[in-house]
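Colleague: Letter 259 of the sequence shown, counting from 1, is numbered 264 in our numbering, and no numbers are missing.
Here a beta-carbon is modelled for each residue, glycine too, at the ideal position from N, C-alpha and C.
This is the structure, below, for whatever I ask next.
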Amino acid sequence: MTGERDSRGTAVATRQGRRTRGGGRVRSAVLWDALRKVLDRIDPESGPRDVVDVGGGTGGFAVPLAELGHRVTVVDASLDALAALERRAAESGVTVRAVQGDAVDLPDLLGRDTADLVLCHSVLEYVDDPAAVMAALTHAVRPGGSVSALVPGQVGAALHRAVAGHFDDARRALTDPSGRWGEHDHTPRRFTRQSLSALVENAGLRVGALHGVRIFADLVPSGDLDSEQDAEALIALEAVAAVHPVLRELATQLHVVADRV
């Protein structure tokens, strides 16, 4: 059974890579690897798992996960995004349940203890109350399950503003309590490893793993990836750097796997 899951996972990962060639595939490689490990760890003998993607939009994660055979539900406030999700799922020959609603209302929308894995990617930086949303995610995941949260990194934002020559912005990004670099910054909130870990732990979850996503990938123009070999080498570098205790702080995004015990 494990070999079958591995071969299916590899096939879907390959198709996902073809959809997001070059820089896009490099930027998402660490995250996909982490998700596959989580799904393989959660009761591996039970077969397909129940996955909820909060703020999952048009199905960038949901559809590939459904292609792996998992039962996937997307909760999103946008009816337009959910309609696009349904079209995308139909084109791929899979079924993904679409539910309109807000992240903070997740237990009311789906019930408690209903998911083996809850994805919350690029959501916590925009909501009014991240702690309330994290509590909702905790209620939705089953004991033994996990929450995958992806957020923008504060230190990484400062690095990128400095590399672009915006030194005052970089200083503001490091010193602002919300990690914003100025009034034209469209990201309302950024996180550090410490603030993300505290958010998880205060909700009653345990930090299982914390990765830096897009450490070097966002510093290398996609056009500089001249070959598949270059892309694979950069993916291998990202995989090592993702868990490096210093380098992961420099990532554009921070990813936490939070376990409900």
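Near residue 31, which residues of its chain fall below 6 Å by C-beta distance, leaving aside the five closest residues on each side in sequence?
Modeller: As a working note, residue 31 is residue 26 in the sequence shown. Once the five neighbours on either side are set aside, the close Cβ partners of residue 31 are 222, 236, 239 and 240.
Colleague: Which class does residue 172 belong to by DSSP, given the choice of helix, strand or coil?
Modeller: As a first step, residue 172 must be located in the sequence shown, where it is residue number 167. Note: residue 172 maps to helix in three-state DSSP.
Colleague: Does the contact criterion of 3 or more C-beta pairs under 8 Å hold for the stretch 210–224 versus the stretch 250–262?
Modeller: In short, these stretches touch, since the Cβ pair count reaches three.
Colleague: By the 10 Å Cβ neighbour count, where 16 or more other Cβ atoms means buried, how is residue 21 classified, buried or exposed?
Modeller: Locating residue 21 in the sequence shown gives position 16, where the first residue counts as 1. Legend: pLDDT at residue 21 = 44, less than 50; position of this residue unreliable, value from coordinates given subsequently. Its Cβ being crowded by 16 or more others within 10 Å, residue 21 is buried.
Colleague: Grab me the residues of residue 196's own chain with a C-beta within less than 8 Å of its C-beta, minus the 5 sequence neighbours each way, in chain order.
Modeller: For the purposes of this step, residue 196 is taken as residue 191 along the sequence shown, with counting starting at 1. Answer for residue 196: 129, 130, 156, 157, 158, 159, 184, 204 and 259, listed in chain order.
Colleague: Starting from residue 99, trace the beta strand (DSSP E) in both directions and tell me its first and last residue.
Modeller: Within the sequence shown, residue 99 is the residue found at index 94, counting from 1. Unbroken run through residue 99: none, as it is neither H nor E.
Colleague: From the DSSP output, in three-state form, read off residue 122 for me.
Modeller: For the purposes of this step, residue 122 is taken as the residue at position 117 of the sequence shown. Strand at residue 122.
Colleague: So, under 8 Å CB-CB, residue 55 and residue 143 are touching, yes? Tell me the CB distance rounded to an integer number of Å.
Modeller: Here residue 55 corresponds to residue number 50 of the sequence shown, with the count starting at 1. Here residue 143 corresponds to residue number 138 of the sequence shown, with the count starting at 1. Incorrect: roughly 16 Å between the Cβ atoms, too far for contact.
Colleague: Could you tell me which uninterrupted alpha helix (DSSP H) segments, each at least 4 residues in length, are contained entirely in the stretch 175–217, listed from first to last along the chain?
Modeller: As far as the stretch 175–217 is concerned, its whole alpha helix (DSSP H) runs of at least 4 residues are 198–207.
Colleague: So residue 127 and residue 60 are in contact, right, with Cβ under 8 Å, and what is the actual spacing, rounded?
Modeller: Indexing the sequence shown from 1 puts residue 127 at position 122. Indexing the sequence shown from 1 puts residue 60 at position 55. At roughly 7 Å, the Cβ-Cβ gap stays under 8 Å, so residue 127 and residue 60 are in contact.
Colleague: With distance defined between alpha-carbon atoms, name the residue in 111, 112 and 87 nearest to residue 101.
Modeller: Walking along the sequence shown from the start, residue 101 turns up at place 96. Out of 111, 112 and 87, 87 has the C-alpha closest to the C-alpha of residue 101.
Colleague: Would you decide whether residue 172 is buried or exposed? Buried here means 16 or more other CB atoms lie within 10 Å of its CB.
Modeller: Taking the sequence shown and counting its residues from 1, the one referred to as residue 172 is at position 167. With fewer than 16 other Cβ atoms within 10 Å, it is exposed.
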